[in-house]
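Below: one structure, written as structure tokens.
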Amino acid sequence: MLKIAFTLLCVLCAAATTWSARTVDSHLGPKDLTRLQKVFVDGLSSNDLQAIFFASLNIETTDAATKETLCQKIVALHAESKLNNFEKDYYLIGANKNLRCTTKLAESVLSKVYSSLDSELATTQEIYYRLATHKALGVQVSEAAQAKIVKRLQEVLKKDDTLSGLGYAFNVAIQLGPSASFITNRIEDAIVQADEVDGRLLQFEGGLSITALILNGVFGVSKTFEKPAPVTAEQAVKFANYLLSRRSVQTAKGAHVLIEALKTISSADKISPICVQLIGNGQLEAQSPTLNVAIVDLLGKPLSPAVASLSAKISVKKDSSVLAEKIQLVSKSSDKTTYAADLSSLKPGRGIYQAELNGDGVYKQKLQFKVLGRVKVQTLEVGIAESDASAATRKQSVSYPSKLKDTLTADSTQKLLLKALLVDEATSKPIAVHQAFVRLHDRETDKEIIFVAEQDSSKAYKFDMDVGNQGKNFNYQNGLYNIYLTIGDASLSNSFDWLLADVQLKFNQPDRDVKPTHQNGPLPEIVHQFRVPDKRPPRIVSDIFTGLCITPLVLLFVFWAKLGINVSNFTLSPSTIGFHLGFGGILALFFVFWLQLNMFQTLRLLIPIAVFTFLCGNRLLRRLYAQRNSKNPAGAS
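Quick look at the structure:
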């Protein structure tokens, strides 16, 4: 029943995947492969036996002296390694084979490996490494030994069906062949344990190593025993996304298993995802809008067979309006990794577009690109006006990219004005830009002030600066300033910083007594002042209060002196002495509490004293009551 449900789920998932089918948006590029190559180089020079083994699998050492040093090094590292015997034996023999060492391995190591299959192998991991070690040595495993291993593998899986155990079991079954076909029934048990992340990634608990181990295992089992693909196309895409997200791995083992897992998924017929991505930064020039797309496998290599037909539906992202239902992309390279489509006939304007690509009706991907426009300064006027509008404004026109020949002059009673109309070069329609600044630069001091130009109701950008009010921002620095108009936008291909005129500014100097607004130097010291204590009452008030508090005690001693103290019933029994000592201790504790203890400290000390006093007092009162009854039996009855 579980198998039927799982199969149905896979079918539904495959049917629901109608977009981004069998495609990912990245692959292992040249930079990634170069960095992974460096990881392998570092692995060879490390003092880690495992790192040397995986590095030697991926790069070949040609220098004889280096090779000889490594061959001696792995023997020493094997002796020092704290890895399991079966694991470090495999790494030693594998690295020895990869490096083509001429020195023969020690007989003690080889004899232990040869006899290992006769012993009771405890885990699927040990079974895998022992079999792989025999394979590295070129030793044929007998049919009897294989039958024994198959039986032992089944026994171990009954006790250990963890992801790691299943992963090694799959890889063992690949080496054993038909006798281990029972393992195909465990593929679904492993795949259903994959964790989905953000709806985009699939991975197994344990990270890259376990994920790669299981993927290599299940795909290898499916191929060996001619079973259907172990995952759906959608799952293959999500596994590929996870593997590609781990491209920054830093260990030789991680780099090796990453590449192997990507190779495994790429070689899976009918479900293998491919990479469809834009070439370049996705920005097209309006004059020649050519959409360039790269199609490669997960390792950046050409597809085999290549995509025969690739078309795209082009639409505007903002309102989803369609520019073209189907436009054909043509291969531009001999290996058919680069495809291009000329969008000039669509006359796309400045903006963001979406291309829905369809390759052979199987591969589907959505790509977003941007068509850059060109801005044109249709008109620009700059001039000086009186702040009180008492005189007409003197405006002069400037054409981009020229500079006004005359130098403008403005004092503190005047305003500097600028008005510019920006239009799209293709349509001559006014446009809005992300950045429109007017920058005034003092060449003498190399300081500048930047103002934001605002768009008015006519969609022209305006700048209005009252020289008198802005004096403090310029530090009242008179002089010749360059006027720049800075226009920038992510959707423009010709953003500019235009020097359009010079202006002589004259500010009214501030009073000498007034400190300048901007001062260089340390800030004044911050002096922290704690809360001033509340004013206390005179000493006589506290003395009177203390006197009132001790008045009862004084009166007690006075009355005792006058009336006398009756100690006739005082005995030296433990309860009597204990009660009075306890009571005295409580009074002493209250006195100490008044001087220095807090409430919690007092309670911790009071509880044991109070319990002791209570018990002694109870016993004392019972004894006194018994004495009174014995002296006056009639009263007791």
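Throughout the sequence shown, residue numbering follows mature numbering (1 follows the signal peptide of the UniProt record, and there is no 0), covering -20 to -1, 1 to 617 in sequence.
We put the beta carbon where it would ideally sit given N, CA and C, even for glycine.
Source: prediction; values computed, not measured.
Residue of the options minimising C-alpha distance to residue i
i	options	result
G74	T42, S96, T103, L111	L111
R166	T142, S377, D299	T142
residue 618	K383, I545, F592	Outside the displayed range of the chain (-20 to 617) lies residue 618, so it cannot be described from this structure.
R15	A235, T531, P158	A235
A174	N151, T212, A365	T212
S247	A400, P285, A266	P285
L384	E361, L290, Q394, I557	E361
I259	N598, H7, L577, F443	H7
S377	L401, S367, T393	L401
L90	N76, T103, A102, G200	N76
A292	D299, S301, G280, K306	K306
residue 618	V357, Q126, L585	With the chain running from -20 to 617 in the structure shown, residue 618 is simply not present.
Y148	E206, I245, L193	L193
G565	T582, L552, N578	T582
N455	A116, E428, S313, L595	E428
F476	K356, A440, L561	K356
K47	L79, L397, S88, A35	L79
D169	G186, K439, F150	F150
T244	I506, C255, N261, F219	F219
P102	V121, V538, K131	For clarity, residue 102 is Ala in the given sequence; the question names Pro instead. When only C-alpha atoms are compared, the closest one is K131.
K203	G187, S161, L223	S161
V296	A274, L347, P282, S252	L347
L146	E176, Y108, K84, V119	Y108
Exposure label - residue i; buried when at least 16 CB within 10 Å
i	result
F33	buried
K250	exposed
A616	Note that A616 scores a pLDDT of 46, beneath 50, so its modelled location is shaky and nothing firm can be said.
P210	buried
M445	buried
G451	buried
A232	buried
H414	exposed
W(-2)	Residue confidence is low: W(-2) scores 47 on pLDDT, short of 50, so the model does not pin down where it sits. Its coordinate-derived value is still stated next. Exposed.
R227	buried
residue 628	Look at the range of the chain in this structure, -20 to 617, and you will see that residue 628 is not part of it.
residue 650	In the structure displayed, the chain extends from -20 to 617; residue 650 sits before or after that span and is not available.
W478	buried
H508	exposed
V418	buried
I364	buried
A288	exposed
E106	buried
K611	exposed
A606	exposed
D315	exposed
Q183	buried
N598	exposed
Q267	exposed
Q30	buried
Counterpart residues of residue i in DSSP-defined beta bridges
i	result
R374	I364
Q415	G468
C255	V4, V276
L420	I429, I463
G331	V351
T446	Here residue 446 is Asp; the residue named in the question, Thr, does not match the sequence. Looking at the DSSP assignment, D446 forms a beta bridge with K395.
N338	S291, K344
K356	V403
L271	A321
D175	Q183
E265	L352
W540	W540 pairs with nothing; no bridge assigned.
D482	T387, N462
Q435	Y441
I129	Partner(s): none; I129 has no beta bridge.
I557	In DSSP, I557 forms no bridge with anything.
Whole-angstrom C-beta distance between residue j and residue i, which should lie under 8 angstroms
i	j	result
A390	L485	6 angstroms
S96	F66	7 angstroms
V403	K409	6 angstroms
Y343	A35	No, Y343 and A35 are not in contact; Cβ-Cβ is about 35 angstroms, not under 8 angstroms.
K375	A440	At roughly 13 angstroms, the Cβ-Cβ gap does not stay under 8 angstroms, so K375 and A440 are not in contact.
L337	L290	6 angstroms
T270	L323	7 angstroms
A241	L195	5 angstroms
L460	R511	Incorrect: roughly 56 angstroms between the Cβ atoms, too far for contact.
Min CB distance residue i to chain C below 9 angstroms
i	result
V130	The chain inventory of the structure shown lacks chain C, comprising one protein chain alone.
Residue i beta carbon near the ligand NAD (any heavy atom closer than 8 angstroms)
i	result
A590	You won't find the ligand NAD in this model; it holds no ligand whatsoever.
| Counting pairs of beta carbons, one from the segment 348 to 359 and one from the segment 332 to 340, are three or more of them closer than 8 angstroms? | In short, these stretches touch, since the Cβ pair count reaches three.
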